[in-house]
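Only one structure is covered here, and it is reproduced in the block below.
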Amino acid sequence: MDELKALTGRNLLEPGDFSEAEMDALFDLADRIQQAPERYAGAARGRVLAALFFEPSTRTRLSFETAMLRLGGQTVGFSEAQSSSAAKGESIADTVRTVGCYSDITVIRHPKEGSCRVAAMHSDVPVVNAGDGGHHHPTQTLTDLLTIRREKGRIDRLRVGLCGDLKFGRTVHSLIKALSVHEGIEFVLISPEELRAPAYVIRMIEAGGCVCTETRSMSDVIGSLDILYMTRVQKERFFNEEDYIRLKDSYILDGQKMGQAQEGMIVMHPLPRVNEIASEVDADPRAVYFKQARNGMYVRMALIMGLLGIGEPEALDRQMQEARG
Amino acid sequence: MEVNSIENGIVIDHIKAGQGLKILSHLGIDTRTDTVALIMNAASGKIGRKDIIKLENMLDVDITALGLLDCGATVNYIERGKLARKVKLALPEIVVDVIRCKNPRCVTSAEPGLEHIFLLVDPKTQEYRCEYCDEIVRV
């Protein structure tokens with residue numbers, strides 16, 4: 000519980016912002032919420048979450064908004080830059096300063112890398128990075144880690160394959176950062192040459208003392224993996240469409256490839272997918288990407304409670320009774 | 000060639016030959032009014048050829064980022080004709096508005112008025128990391 004209290008008023012800009020113990024406390028809270036969501040239905044009553052999405056999003060924006068609504072709070076915001084004052088040339092600093100006057104917590108997605116750090120520098124309320132360009136996506140990482148914990152029963156001693164766009168894939172960068180502090184993690188990075196993980200990501204792996212193998216072939220390694228984390232080649236990150244077209248179908252996971260994988264291997268994907276996972280894989284019990292999406296909502300509920308300093312419902316009831324005298 | 004010694008000021012010595020002008024330019028010295036000597040390609044027992052800069056009556060000069068330009072140089076503070084302090088330049092831990100981030104997706108390419116902040120990753124490899132986007136540059 001102390002770990003949850005320690006999150007009050009903090010920002011989440013990248014996975015390293017929270018300790019392992021703090022993340023565990025969030026996952027425990029997410030489990031409690033999922034077991035009895037009605038107990039938490041009024042936990043954030045009277046609080047407002049601002050969702051500033053300068054880039055399109057389905058899962059992240061809707062799961063944040065749903066998380067806040069399920070906690071009894073309310074949401075404001077926009078879902079594209081064109082419907083905000085950014086279209087008039089307003090800076091990120093001025094936008095978050097203004098929105099912080101109206102809301103209790105700000106969630107921001109922006110195409111520029113490091114934009115959320117700039118937002119946090121100018122905000123009086125907690126800032127959550129919901130994706131900054133190809134850089135980080137820490138709430139997807141919370142989702143991923145919770146999913147791994149639930150499906151594999153542990154977050155250590157795992158051989159994790161990350162496949163696809165490892166250059167611009169912010170979910171991959173954040174997940175590597177978070178996993179590299181755990182014991183016995185072995186990374187297998189599967190990507191075309193042009194989409195290899197950036198130097199700073201490789202440094203993070205080395206700094207964590209983890210084993211890392213880079214390969215171009217999914218078939219060569221799929222049989223040895225505990226987790227296969229697939230990613231989409233993101234059209235929006237390319238300056239040149241020709242490069243995108245050339246690389247977009249580099250890896251397609253289908254039933255035949257799943258036949259080479261271990262019984263216990265799980266397939267994860269931050270979604271949306273385009274065609275990197277054939278729809279026939281969806282029915283395979285090892286495909287957990289839709290469970291992953293569900294986990295995302297619960298962990299975001301836990302995160303909102305943590306950053307806003309909202310305690311367990313019993314404590315809330317006591318506080319309300321005391322206030323009534 | 001002879002240049003008089005200074006009574007009060009700074010002598011930046013052991014500058015790699017050819018770097019003197021860059022360092023002088025970085026220090027933002029007003030060469031119209033300040034008393035400055037720039038000696039280029041002087042013989043050096045240590046490094047073969049070196050540049051030297053002498054700044055008279057100037058002690059309050061920000062040398063934080065000089066290590067980026069030449070981390071082998073030394074800065075000697077002279078007071079009343081004597082060496083008061085000697086500083087060996089090293090790569091600074093943090094550099095503000097000296098290196099610019101080349102990542103076109105970095106927020107520094109779009110947000111107005113933002114300082115370009117780089118943090119030293121490893122002095123051996125002379126690599127710095129952008130505070131915002133984590134892009135790594137070698138200086």
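Here the protein sequences line up with chains W and Y, keeping their order. Letter 6 of the first sequence, counting from 1, is numbered 5 in numbering that gives the first Met the number 0, and no numbers are missing. Letter 138 of the second sequence, counting from 1, is numbered 137 in numbering that gives the first Met the number 0, and no numbers are missing. For each residue, glycine too, the CB sits at the ideal point set by N, CA and C. For clarity, every value in this text was computed on a predicted model and none was experimentally measured.
query	result
Three or more beta-carbon pairs under 8 Å between the segment 65-72 of chain W and the segment 108-119 of chain W, yes or no?	no
Report the option in P111(Y), N56(Y), D133(Y) and K87(Y) whose CA atom is closest to the CA atom of E89(W).	P111(Y)
Please return the same chain residues whose Cβ sits closer than 7 Å to the Cβ of M217(W), not counting the five positions on each side in sequence.	C162, I189, Y250 and K256
List, in order along the chain, the chain Y residues whose C-beta lies closer than 9 Å to that of V171(W)?	What V171(W) touches in chain Y: nothing, since even the nearest Cβ is about 14 Å away.
Closer than 8 Å is the cut-off here; do at least three beta carbon pairs connect the segment 296-312 of chain W with the segment 6-25 of chain W?	yes
Pick helix, strand or coil for Y76(Y), following the three-state DSSP scheme.	strand
What are the boundary residues of the alpha helix (DSSP H) that includes N294(W)?	Y288 to L306
So D96(Y) contacts chain W; which residues on that side make the cut at Cβ distance below 7 Å?	Near D96(Y) there are no residues of chain W at all, since even the closest Cβ is about 15 Å away, more than 7 Å.
S173(W) and H135(W) - do their beta-carbons sit closer together than 8 Å?	yes
I175(W) to L227(W), Cα distance in whole Å?	13 Å
List, in chain order, every chain W residue whose beta-carbon is nearer than 8 Å to that of P111(Y).	S90
Among A42(Y), I9(Y), I5(Y) and L23(Y), which residue has its Cα nearest to the Cα of K85(Y)?	I9(Y)
Mark A83(Y) as exposed unless 16 or more other C-beta atoms lie within 10 angstroms of its C-beta, in which case mark it buried.	exposed
Could you list which residues in chain Y have their beta carbon closer than 8 Å to that of E64(W), in chain order?	Ordered by position in chain Y, no residue passes the 8 Å Cβ test against E64(W), which lies about 25 Å from the chain.
Considering V210(W), what are the terminal residues of the alpha helix (DSSP H) in which it resides?	Not the alpha helix (DSSP H): V210(W) falls in the beta strand (DSSP E), residues V210 to T214.
For C105(Y) and I135(Y), I'd like the C-alpha separation in whole angstroms.	12 Å
Can you say whether L26(Y) is buried or exposed, counting buried as having 16 or more other CB atoms within 10 angstroms of its CB?	buried
If we call anything under 8 Å between Cβ atoms a contact, is F167(W) one with G133(W)?	yes
Looking only at C-alpha atoms, which of G99(W), R149(W), R231(W) and E192(W) sits nearest to V273(W)?	R231(W)
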